[in-house]
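Read the structure below first, then the notes.
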Amino acid sequence: MSSAPRSRPKVLFICAHNLSRSLTAERMFAGSSLYDVKSRGVAREARIRLSARDLGWADQIFVMEKDHKDRITQEFPDALQGKKVVCLFIDDLYQPMSPDLVAVLRERLEPYLTLPEPPAA
Numbered sequence: 187m188s189s190a191p192r193s194r195p196k197v198l199f200i201c202a203h204n205l206s207r208s209l210t211a212e213r214m215f216a217g218s219s220l221y222d223v224k225s226r227g228v229a230r231e232a233r234i235r236l237s238a239r240d241l242g243w244a245d246q247i248f249v250m251e252k253d254h255k256d257r258i259t260q261e262f263p264d265a266l267q268g269k270k271v272v273c274l275f276i277d278d279l280y281q282p283m284s285p286d287l288v289a290v291l292r293e294r295l296e297p298y299l300t301l302p303e304p305p306a307a
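Start counting the sequence shown at 187; every next residue gets the next number (our numbering).
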């Protein structure tokens, strides 16, 4: 009898508006065979706004700034029960998918996730 397929870890990336940092991180892992990924924003006008359901879905949660961690801890205390939130300390200085942003994300995520191969130049 074969065992049930194991589900992949679910990784959630969070920034303010879900336009640059978290969206770039999500796109870096798009199509990954190792992880299921989503990105969300904490701002009211975010492209896709974070919900308690998103936090419940996630196995690993990464925020870009300490303020994002503080906001979700305050807004969703129940959904964060037993969850670890890692702050990457990446300021909102980058354009979406810019090589500099991808490089910083790779550097900061390397201790936590198996990184996808960088795209061929």
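For glycine and all other residues, C-beta sits at the position ideal for the given N, C-alpha and C.
Beta carbon of residue i nearer than 8 Å to that of residue j
| i | j | result |
| --- | --- | --- |
| LEU301 | ARG294 | no |
| SER206 | LEU287 | yes |
| ILE258 | LEU241 | yes |
| LYS252 | VAL271 | no |
| ASP222 | ARG194 | yes |
| GLY227 | LEU236 | yes |
| ILE247 | LYS269 | yes |
Element boundaries [beta strand (DSSP E), containing residue i]
| i | result |
| --- | --- |
| ARG213 | No beta strand (DSSP E) contains ARG213, which is instead part of the alpha helix (DSSP H) from 207-214. |
| ILE258 | Looking at the DSSP string, ILE258 is not in any beta strand (DSSP E); the run it does join, the alpha helix (DSSP H), is 252-261. |
| ASP222 | 222-227 |
| LEU236 | LEU236 -> no beta strand (DSSP E), and no H or E assigned at all. |
| PHE275 | From DSSP, PHE275 is part of no beta strand (DSSP E); its letter is neither H nor E. |
| LEU266 | Counting along the chain, LEU266 falls outside any beta strand (DSSP E), and DSSP gives it neither H nor E. |
Exposed unless 16 or more other CB atoms sit within 10 angstroms - verdict on residue i
| i | result |
| --- | --- |
| PHE199 | buried |
| ALA202 | buried |
| MET250 | buried |
| LEU209 | buried |
| ALA289 | exposed |
| MET283 | exposed |
For residue i, the first and last residue of its enclosing alpha helix (DSSP H)
| i | result |
| --- | --- |
| LEU295 | 285-295 |
8 Å Cβ cutoff, residue i in contact with chain D
| i | result |
| --- | --- |
| TYR280 | The question asks about chain D, but that chain is absent: this structure has only one protein chain. |
Rounded distance between the beta-carbons of residue j and residue i, thought under 8 Å
| i | j | result |
| --- | --- | --- |
| SER225 | ALA211 | 6 Å |
| ALA244 | LYS196 | 5 Å |
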